[in-house]
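Asker: Once you've had a glance at the structure underneath, I'll fire off some questions.
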Amino acid sequence: QKEVEQNSGPLSVPEGAIASLNCTYSDRVSQSFFWYRQYSGKSPELIMSIYSNGDKEDGRFTAQLNKASQYVSLLIRDSQPSDSATYLCAVNKNDYKLSFGAGTTVTVRA
Amino acid sequence: SQTIHQWPATLVQPVGSPLSLECTVEGTSNPNLYWYRQAAGRGLQLLFYSVGIGQISSEVPQNLSASRPQDRQFILSSKKLLLSDSGFYLCACALNTGELFFGEGSRLTVL
């Protein structure tokens, strides 16, 4: 079982719609959770972090965490063509390392 | 704020040739540093991490090695490259919040 699993996609959504990305993790001791956005040919950049159960909103992005279900998600509201990218879920067990999912590629159709 | 410099940005190397990728960090002291590799269409694979000068932990046995000769310098090396070493190599440092901040990456193609 992979430590972090994501829907591989690609996920295609029309401009203005909500994009919903899912991530599950295997280790219950995981404490910190991150979403990174990676444009083609570029390095990942952090867009959201979440540490406790519930929702966290930042602009058009909302991260949701459910530790009991070992599940974290990212919602992108009012999707824009500039949101077209690969989104990486990352999990930290409070050791020195982040484990990454394989990423979900999102395409926003104009 | 942190800045990570990686070089070279792009390189094409023949099989069997050596490799040296360099990473330097600015804006922080005594950072935890990481080398990740991303193969085409794949996720990030942790190769090495370092919590201090001369301290290297390897995550996967492979054809690569890492060194940390100075506090803010992290080097990835190979004596003989394989085709499977091709990929996008990312240096990162850990922030106090547990997240990683990445450099711009080095894209390696082994022919």
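Order-wise, the sequence lines are chains D and S.
Counting from 1, one number per residue, gives the positions in the first sequence under the working numbering.
Counting from 1, one number per residue, gives the positions in the second sequence under the working numbering.
Virtual Cβ for every residue (Gly too), placed ideally from N, Cα, C.
1. Span of the beta strand (DSSP E) holding Q64 (chain D)?
2. Less than 8 Å between CB atoms is the rule here; does Y49 (chain S) satisfy it with respect to chain D?
3. Let me check understanding here. Comparing Cα to Cα, which of D:A17, D:R77, D:S8 lies closest to T159 (chain D)?
4. Just checking: is the beta-carbon of S32 (chain D) within a distance shorter than 8 Å of some beta-carbon in chain S?
5. Kindly indicate which three-state DSSP category P14 (chain D) falls into: helix, strand or coil?
6. Would A66 (chain S) pass as a contact of I53 (chain S) if the rule is Cβ separation under 8 Å?
7. Using a threshold of 8 Å, state whether the C-beta atoms of A94 (chain S) and F102 (chain S) are closer than that.
8. Flag this pair as yes or no: are the beta carbons of L88 (chain D) and L100 (chain S) separated by less than 8 Å?
9. Which whole-angstrom value is the C-beta distance of S78 (chain S) and N63 (chain S), which I expect to be below 8 Å?
10. Using 10 angstroms around the beta-carbon of Q38 (chain D), count the other beta-carbons present and answer buried if the total reaches 16, otherwise exposed.
11. Per the contact definition of three or more C-beta pairs closer than 8 Å, is the segment 26 to 36 of chain D in contact with the segment 70 to 86 of chain S?
12. Excluding the five sequence neighbours on either side, which residues of its own chain have a C-beta within less than 6 Å of the C-beta of P44 (chain D), listed in chain order?
13. Establish whether the CB of F102 (chain S) and some CB of chain D are separated by less than 8 Å.
14. For a contact defined as C-beta to C-beta under 7 Å, what are the partners of N92 (chain D) on chain S?
15. Can you check DSSP and say which residues form a bridge with K56 (chain D)?
Answerer: Reading from the atomic positions:
1. Along the first sequence, one-based indexing puts residue 64 (chain D) at 64. Taken as a continuous stretch (DSSP letters only), the beta strand (DSSP E) holding Q64 (chain D) covers 61 to 66.
2. To locate residue 49 (chain S), count along the second sequence from 1; it is residue 49. Chain D contact via Cβ: present.
3. This structure leaves residue 159 (chain D) out entirely; chain D is present only between 1 and 110.
4. Reading the first sequence from its first residue, position 32 is the one you call residue 32 (chain D). Output row for S32 (chain D): interface = yes.
5. Numbered from 1 along the first sequence, position 14 holds the residue referred to as residue 14 (chain D). The answer is strand: DSSP assigns P14 (chain D) an E or B state.
6. Position 66 of the second sequence, counting from 1, holds the residue named residue 66 (chain S). Position 53 of the second sequence, counting from 1, holds the residue named residue 53 (chain S). The answer is no: Cβ separation not under 8 Å.
7. Numbered from 1 along the second sequence, position 94 holds the residue referred to as residue 94 (chain S). Numbered from 1 along the second sequence, position 102 holds the residue referred to as residue 102 (chain S). No.
8. Translated into the one-based positions of the first sequence, residue 88 (chain D) becomes position 88. Translated into the one-based positions of the second sequence, residue 100 (chain S) becomes position 100. For L88 (chain D) and L100 (chain S), no; Cβs fall outside 8 Å.
9. Here residue 78 (chain S) refers to the residue found at position 78 of the second sequence. Here residue 63 (chain S) refers to the residue found at position 63 of the second sequence. In this structure, S78 (chain S) and N63 (chain S) form a Cβ contact; the two beta carbons are roughly 5 Å apart against a cut-off of 8 Å.
10. Residue mapping note: residue 38 (chain D) aligns to position 38 of the first sequence, counting from 1. Per the 10 Å Cβ criterion, buried.
11. No, the segment 70 to 86 of chain S does not touch the segment 26 to 36 of chain D.
12. Residue 44 (chain D) sits at position 44 when you count from the first residue of the first sequence. Setting aside the 5 residues that flank it on each side, P44 (chain D) is surrounded in the same chain by Y36, Q38, L88, each with a C-beta closer than 6 Å to its C-beta; the list follows chain order.
13. By 1-based counting over the second sequence, the position of residue 102 (chain S) is 102. Between F102 (chain S) and chain D, the shortest Cβ-Cβ separation is below 8 Å.
14. Taking the first sequence and counting its residues from 1, the one referred to as residue 92 (chain D) is at position 92. Under the 7 Å cutoff, chain S gives G98.
15. Reading the first sequence from its first residue, position 56 is the one you call residue 56 (chain D). DSSP lists D:A63 as partners of K56 (chain D).
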